[in-house]
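Just add 1376 to the spot in the sequence shown (first one is 1) and you have this note's numbering.
A virtual CB, placed ideally from N, CA and C, is assigned to each residue, including glycine.
Since the structure comes first, as structure tokens, the remarks are kept for the end.
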Amino acid sequence: MKHRTLRGVAALTLGASLLLAGCGSSDGGADDETSDSPTASDAASSNPADVAALEAVTVTGDAGAEPTVEFETPFTVTGAVSRSLDEGDGETIEAGQEITMHTVGFSGADGTKAGSTWETDSPEQLVLDENLYPQLLDVVVGKKVGTRFLFASTQADQATGESATFLTVAEVTGVEDAPVVPDPADVPDRAEGESVTPEDGLPTVTLDDSGTPSVEIPDGYEAPSELIVQPLIKGDGPEVTADQTVIAHYTGWTFDGKAFDSSWERGEPSTFPLNGVIAGWTEGLAGQTVGSQVLLVIPSDMAYGEQGTPDGSIPPDSPLVFVVDILAAY
């Protein structure tokens, strides 16, 4: 979940982790004119070397299917850079709209695949607003549904602190007007509702005065084979559906009790499409009510599975524990 709205949880959603986060990126402007074959004029970056790096990437394959991507490693860029691969032939995409897209991402260091929404058949949602890298807006706005593009950026590897490059190929599958986002002034700071007594034997959650959770995982606690969803506070808001976007506070822990990410620590809640995160979140939060606080104990195969996360913050085959306050949904 390393995007503007879930920055810090290592890639709950592939495309978001690689495409969002970037208001501070260097400026760049794509040409208004496009061609059938991508050229340097289709790229957006302030660094010619980064433009040249994307020009050397080869993408082949039919529209609608995961492409074949070839590039030499190590692949590096100094900042965000994008390249249009084709115009698309559907509806024109405008700023402020919401797109759905398929993505496949790769580590620039060794070319390993970081994940693919084609494999899970779960295209991601993305609102084309000022929270995105300018380079991403440049390569999408004005194009049409069906357009494919390349995007590369650098991130700090949480395990080493060193800079790492990730490369993404995306294909826009749909566009519609963006949903009306709740006014931040109307979003509460924490879950509010009726307390629920959890089942015995689960990790114990304690809240400080601000509502920030901590967790104590019992000695010898074994990872479940199925998702555990335990409401701790029952909110009185509407029921959340899997196709909504959720505003939430959360903290996540590995089974050794180590917190690997927390919106509470960042001082603001996070926003994410519920169909664009790990399965444990999608299935665990859908059906809960706004205002609720939920304990999720997630088996590895509903989290990051055999791969873990690219930055190493979550090792392979790691079950996870989350406490999530559902503050709003739309």
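- Contact between D1553 and Q1473 is confirmed by a C-beta separation of about 6 Å, below the 8 Å threshold.
- Between the beta-carbon of P1574 and that of L1608 there is about 6 Å, and that keeps the pair under the 8 Å contact cut.
- A direct Cα-to-Cα measurement between D1559 and D1565 gives close to 13 Å.
- Leaving aside the five residues that flank P1589 on each side, the residues in its chain whose CB is nearer than 6 Å to its CB run, in chain order, V1581, L1583, T1627 and V1699.
- Rounded to the nearest angstrom, the Cβ distance from T1544 to F1527 is 5 Å, consistent with a contact under 8 Å.
- The beta carbon of T1476 sits closer than 6 Å to those of P1499, Q1501, T1549 and G1550, all from its chain and outside the five residues before and after it, given in chain order.
- In the displayed model, R1642 falls within a helix according to three-state DSSP.
- When C-alpha distances from P1600 are compared across I1469, V1673 and Q1531, the shortest belongs to V1673.
- When secondary structure is reduced to three states using DSSP, G1518 falls in the coil class, being assigned neither helix nor strand.
- Less than 8 Å separates the beta-carbon of G1569 from that of S1668.
- Note that the C-beta distance between Q1664 and V1591 is not below 8 Å.
- Around the beta carbon of V1556, a 10 Å sphere encloses fewer than 16 other beta carbons of the protein chains shown; the residue is thus reported as exposed.
- Taking a contact as a CB-CB distance under 8 Å, the pair I1690 and A1624 does not count as one, their CB atoms being some 19 Å apart.
- Per DSSP, the continuous alpha helix (DSSP H) segment holding L1430 begins and ends at P1424 to E1431.
- Residue burial annotation: S1676 is buried, with at least 16 other C-beta atoms found within 10 angstroms of its C-beta.
- For the beta strand (DSSP E) assignment, the uninterrupted runs of no fewer than 3 residues enclosed by the segment 1627-1700 are, from N- to C-terminal side, 1635-1638, 1646-1649 and 1669-1674.
- Contact between Y1509 and A1456 holds: their C-beta atoms lie close to 5 Å from each other, under 8 Å.
- Residue pairing by DSSP places D1438 opposite no residue, since no beta bridge is assigned to it.
- Three or more Cβ pairs closer than 8 Å define a contact, and the segment 1478-1496 falls short of that threshold against the segment 1458-1470.
- T1454 and D1462 have their C-alpha atoms some 24 Å from each other.
- For E1474, the enclosing beta strand (DSSP E) begins and ends at Q1473 to S1483.
- Per DSSP, reduced to three states, the secondary structure at T1493 is helical.
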